[in-house]
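Inspection log for the structure reproduced underneath, given as structure tokens.
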Amino acid sequence: MQAPTRGHLVPRVSLFAFGIPIGSFRSLQRAVHLVCLRSSDRVLTHPEAWWCSSSSGREKKPVLQRRQQTRSMPWRRWRPASSRWSMRRQETASGSHRPKRLPKRRTWNANRLSTFVRDRVLQGHEPTPELAAILLVYLVQGVVGLSRLATVFFLKDELQLSPSQLAMLSGIQILPWTIKPLYGFLSDAVPLFGYHRRSYLSIAGAIGAVSWLGLATWAHTPFQALVCTTMASLAVAVSDVVADGIVVERVRGSPQERAGSLQSLCWGTSALGGLVTSYFSGSLLERFSPRQIFAITAVFPLMISATSFFIAERRSTVDDMPAEWTPAGHHEHRLGERTQWANKASCYGQQLYRDAQELFGKLWYAIRQPSILYPTAFVFLWQSTPSAETAFFYYMTNGLHFQPEFLGRIRVVSSAAMLIGVFVYNRFLQSAPIKSVLRWSTILSVPLGLSQLILVTGWNLRLGIPNTWFVLGDAAVLTTLGQVAFMPTLVLAARLCPPGAESVIFATLMSLYNASGVLGTELGALLTQALGVTDKDFRNLWALITICNLSSLLPLVFIDFLDRAPIASDEDTAVDAAVPAISHDLEALDGLEQGQSPERSSPKKSDTRWHP
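What follows is the structure, encoded as structure tokens:
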């Protein structure tokens, strides 16, 4: 038996490869690869460890120095890349000199990438142009928060608004969010240009882009700025309602898990957009002017208009109207085409009016029920107490001289604190009575809210706590508590909705929540004006903070109104409230509610996803 040749194979391979007459470098590569394949039958180990003889003179056997250890070819550096992994060898059990090939390294191909995106990123939903368009709507709702700080500084510095004036304008800007059920009714009943969804999304995106461009170029007075910001808020509110309607249509008839996954995916996308722009909303102000940021923001609503055509929707025509809507005594075959269209359109308008009258009549009848009216009245009073956030924002910028970049950091901390608040409620307080959670969260919010007096009076510096660290910690604690306090109101709203009318009642309750936020903002503006707090005079700021925090205890007198709410089991409550609670809490990650400053959140929140 002839033993295998000792030594490394590099010289032999080199002679063999370069001894072949070749005409190109590709031929050389093929030759080297062929040599490597033919040499693969050898066991590549150290030359001195190939063979050894036993003392009895038996036949020679290979000695394995290291079992199950992978070795590479000696000419690894100059071997073709395509054969590096295929030429690796592994020694086998004792007594065998045949090598064992390792499996080829798994590569990241297009199929694996698409599977990962579908199962992990999109939570089991197929990536389609329509899904991309829906997610883009929610993403833009979060990304437009990029201009939030720019809007506040624009109104404060360029238009020279006082704290009371800014608070009053902030309340007016929320008004489009108080009539959300109207947008839903119009989108369902009145097609524009033949579509119920596409046209409304396209128009909302155009209105948003024009509004931001108006702020960038046209707005030079407070009234002009109010018109632009209110129209921008209207555009986001309409697109939000239409997008919600599309999601509801897509998940109708689907299992509960699939329906919840799509809604959580949409709201998570909105939260992602808000988180990404939280910090940059402040840092960009140190490099660009507010008007330049408004021009950048105008691009995002146009993306909604451009992608709205990917929404799968059948075009509706006048012929789709029921035949009974045609006026009695008229025969369509005797009328001209235009007369037929006019008669059907007239009957369609009359039927639409009757449907709207019937809908709002039933809605008013449902809200007047004691089981809905009294709990809603308490939440309305609880959220309509005055707020000092706008005056406190002026104090931080003009009194403490905080820069926009630091205000962006506070927004990031507040966003993270909101997530912590959602986790705390879902983990520890979900089964607790709503009445107890609201009572104790309100009571705890008073001493924590009065901690602002420590900053206003400068006691934190005497304690050795810098202003920046105190504000960051204060914002984190109050935002977490505010989110914990706001979650039960969403659970309560879901519990109040009667079967068969969940969507319209829930939207109406959210509109009432927003209206209470408007009232609270306007009351805060009146108090700010009455106490004489301006952009330079903060002597009475301590009194404003004290009154606003103590007034939050007044609604507790009516907390027994919650006893009128229908009592549901824990299972029913979890099923009814899981989706809306998570959804509307994720939406709040990107913004101001109730005209508050972008640095802190009050324990009372509204449904407003965005307003300047």
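Going by my numbering, the sequence shown opens with residue 1, and the numbers climb by one from there. Don't be surprised by glycine CBs; every beta carbon is placed ideally from N, CA and C.
When only Cα atoms are considered, Leu-541 and Ala-391 end up about 8 Å apart. Per DSSP, reduced to three states, the secondary structure at Leu-192 is strand.
Excluding sequence positions up to five before and after Ser-305, its CB lies within less than 6 Å of the CB of Ser-202, Gly-205 and Ala-206, all in the same chain and listed in chain order. Here Arg-427 carries a helix assignment [DSSP, helix/strand/coil]. In this structure, DSSP gives Ile-293 a helical state, which the three-state scheme calls helix. A distance of 7 Å or more separates the beta carbons of Ala-388 and Thr-479. Phe-378 sits in a helix when the DSSP states are folded into three classes.
A Cβ-Cβ distance of about 7 Å is found for the pair Glu-313 and His-196, placing them in contact under the 8 Å criterion.
Taking C-alpha positions only, Leu-444 is separated from Gly-171 by approximately 26 Å. For Ser-308, the CB contacts under 6 Å within the same chain, skipping 5 residues up- and downstream, are Arg-198, Leu-201 and Ser-202 in chain order. Between Asn-398 and Thr-217, the alpha-carbon positions lie close to 26 Å from each other.
From the listed residues Gly-421, Phe-428 and Lys-536, the smallest Cα separation to His-401 is found for Lys-536.
Annotation: the continuous alpha helix (DSSP H) that includes Thr-151 extends over 148-153.
Per DSSP, the unbroken alpha helix (DSSP H) holding Pro-301 starts and ends at 299-307.
Note that the region 154-171 touches the region 513-532; at least 3 beta-carbon pairs, one per stretch, sit closer than 8 Å. Between the region 273-286 and the region 181-195 there are fewer than three C-beta pairs closer than 8 Å, too few to call the two in contact. Following the DSSP letters along the chain, one finds Trp-440 inside the alpha helix (DSSP H) bounded by residues 434-449. Nearest Cα to Thr-277 within the set Asn-467, Tyr-395, Phe-154 and Arg-148: Arg-148. By the Cβ test, the region 502-521 is not in contact with the region 449-459, since fewer than three Cβ pairs between them sit closer than 8 Å.
Secondary structure of Arg-287 (DSSP, three-state): coil. Under the 8 Å Cβ criterion, the region 406-424 does not count as touching the region 546-561, having fewer than three qualifying pairs. Here Gln-369 carries a coil assignment [DSSP, helix/strand/coil]. Of all C-beta pairs linking the region 488-496 to the region 127-135, fewer than three are shorter than 8 Å, placing the two stretches out of contact. If you compare the alpha carbons of Thr-385, Ser-233 and Ile-296 with that of Leu-556, the shortest gap goes to Thr-385. Per DSSP, reduced to three states, the secondary structure at Ile-410 is helical.
Leu-135 and Asn-111 have their C-alpha atoms roughly 23 Å apart.
The Cβ neighbour count for Arg-287, taken over all protein chains shown within 10 Å, is under 16; the residue is labelled exposed. Counting along the chain, the unbroken alpha helix (DSSP H) around Pro-129 starts and ends at 129-143. Look at Asn-540 here: in three-state DSSP terms it is coil, with no helix or strand label. Each of Pro-466, Glu-249 and Ala-235 was checked against the Cα of Phe-300, and the nearest Cα belongs to Ala-235. In the structure shown, the three-state DSSP call for Pro-488 is helix.
Between Ser-552 and Thr-442, the C-beta gap is smaller than 7 Å, which places the two residues in contact.
Thr-534 carries a coil assignment under DSSP once its states are collapsed to helix, strand and coil. Pro-433 and Arg-368 have their C-alpha atoms spaced approximately 24 Å apart. At the C-beta level, Val-477 and Val-424 stay beyond 7 Å of one another.
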